[in-house]
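Enquirer: Below are the structure tokens for one structure; questions will follow.
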Amino acid sequence: MKIAHLAWESLHSVRVGGLATVVSKLAEETAKRGHEVHIFTRWTEGYPEYEYINGVNYHRCKFNPGSNILEMCRNMSKAMVSSLQETERYRGRFDIIHGHDWHVVDALNDLKQMGRKIVITFHSTEYGRNGGRFGDWWEFGEISGKEWYGGYIADRITTVSNAMKNEISWLYKIPTEKIDVIPNAVEPREYQMQVDPGRIKEKYGIHPLAPTVGFLGRMTYQKGPDLLMEAIPRVLANRWDVKFIFAGDGDARMYLERRAHELGVAHATRFLGFIPFWAHLELLNTCDIICIPSRNEPFGIVLLEAWATGRPVVATEVGGLGENIENFVDGVKVYVNPDSVAWGINYLVNNPGEMKRISAGALEKVKKFNWRSTMEALANTYQKVMG
């Protein structure tokens, strides 16, 4: 089977968040099973327009970024369709076009008009990225409209959790029988590193023995870094030497850095900004606790990454997080407020034995999210589309 993935990010082009990891790994695992797989994505400085990586053909498309996110994605979609058609001239017709999120819906529409078989994966929604709230600004309406239309024209839809399936069915009136739930997956060995946690902590000005809480993700309202920030004084009141690493970038970063000073906790926080994947792996293997305080989370790939490295997780009981975590077995679930987030962190900090037990539970739980199961489910979706 010849499969084309359309995505605005990947591990080997522009990387924004967890979508990049999922798209690249999904393509690699599909290629391992004997299929010809291509990813059409954005070009970025320093990369060639075509590259063959880990069994996957990467086509990095150049285009005019325009003046706003909608214009950028329209131009990107045109470039993707052009590149895909050019590729088909010498590689043959693709059997499946698999798009990821709203950014590529214009491309999916053009290809649908050409009679192509379309699968779209909803990794999140604009409603969810807004923290489970509707917005009254023009981009919200435009992006939500594209999400609805992508679901309408697709032959089949996949989501990463039952929570996400219910969300898009409710938001866009999509029949549930058109939606397949295919959870994300990881290969734990790819995340486990032999590191000296004390040395890594020292690199960031943290005492080697200081309990360290990591937030690894985008600094946005959806991901809830502000909830963790507001929880920090309550954690420090319980144990003074706990440190907090915020690794990621986003529109909330400047506010969070200022807020750390206002709360008098700047000494306990480290803001790293956007970090390369190897540094992300270092932190996963260094932090004592991973905190995922999202207001809305369709799945949360960082949950699997933390489990793969045996890290105890404190996470809000929303979406895929609440669906997948078994409380006090492989993680600690908390409410979407700073007091509850602080309680969860303090519970683990005060109980090293519980941390060890939950860590063991995490390593066991992650085995359920394996590529064999995910690829079987995806193959079933493709077969439904192919008839």
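Letter by letter, the sequence shown follows residues -3 to 383 of the numbering used here.
Glycine included, C-beta positions come from ideal geometry on N, C-alpha and C.
Got a sec? Which residues, its chain only, sit under 7 Å from Ala262 by beta carbon, not counting five neighbours each side?
Expert: The answer, listed in chain order, is Ala256.
Enquirer: Please list the segments of the alpha helix (DSSP H) lying wholly inside the region 129 to 164, counting only runs of 4 or more residues, in order along the chain.
Expert: If only complete runs of 4 or more residues are kept, the region 129 to 164 shows the alpha helix (DSSP H) at 134 to 149, in order along the chain.
Enquirer: Locate the beta strand (DSSP E) running through Cys287, then write down its first and last residues.
Expert: Ile285 to Ile288
Enquirer: Runs of 4 residues minimum, wholly inside the region 169 to 220: which ones carry the alpha helix (DSSP H) assignment?
Expert: 193 to 199
Enquirer: So, Thr208 versus Asp176, is the Cβ gap smaller than 8 Å?
Expert: no
Enquirer: From the DSSP output, which residues share a beta bridge with Asn323?
Expert: Gly327
Enquirer: Which one or two residues does DSSP pair with Lys(-2) in a beta bridge?
Expert: Glu32
Enquirer: What are the complete beta strand (DSSP E) segments, minimum 3 residues, inside the region 251 to 325?
Expert: 265 to 269, 285 to 288 and 309 to 312
Enquirer: Could you give the distance in angstroms between the alpha-carbon of His96 and the alpha-carbon of Ser6?
Expert: 11 Å
Enquirer: Mind checking who Ala75 pairs with in its DSSP beta bridge?
Expert: None; Ala75 has no bridge partner.
Enquirer: Which one or two residues does DSSP pair with Lys239 in a beta bridge?
Expert: Thr208
Enquirer: Terminal residues of the continuous beta strand (DSSP E) containing Gly95?
Expert: Ile92 to His96
Enquirer: So for Val231, helix, strand or coil by DSSP?
Expert: In the structure shown, Val231 adopts helical secondary structure according to DSSP, grouped into three states.
Enquirer: Which of helix, strand or coil does DSSP assign to Val101?
Expert: helix
Enquirer: Within the same chain, show all residues whose beta-carbon is closer than 7 Å to that of Val12, passing over the 5 residues directly before and after it, in chain order.
Expert: Same-chain partners within the cutoff: Glu5.
Enquirer: What residue range does the alpha helix (DSSP H) around Arg125 cover?
Expert: Per DSSP, Arg125 belongs to the alpha helix (DSSP H) from Glu122 to Arg125.
Enquirer: Helix, strand or coil: which one does DSSP assign to Asp115?
Expert: Reading the sequence as shown, one finds Val at residue 115 and not Asp. Note: Val115 maps to strand in three-state DSSP.
Enquirer: Phe295 and Ser157 look like a contact to me (Cβ under 8 Å); what is the Cβ gap, rounded to whole Å?
Expert: By a beta-carbon distance limit of 8 Å, Phe295 contacts Ser157. Their separation comes to about 5 Å.
Enquirer: Where do the ends of the alpha helix (DSSP H) carrying Arg368 lie?
Expert: Trp367 to Met382
Enquirer: Quick check: the region 142 to 153 against the region 107 to 119, are there 3 or more CB pairs under 8 Å?
Expert: yes
Enquirer: So, at 8 Å on beta carbons, what are the nonlocal neighbours of Ser355 in its own chain, with the 5 sequence-adjacent residues on each side left out?
Expert: Within the same chain, Gly306, Arg307 and Pro308 come within 8 Å of Ser355 by CB-CB distance, once the 5 residues on both sides are set aside.
Enquirer: In the DSSP assignment, find the alpha helix (DSSP H) that holds Val337 and state where it starts and stops.
Expert: Pro334 to Val345
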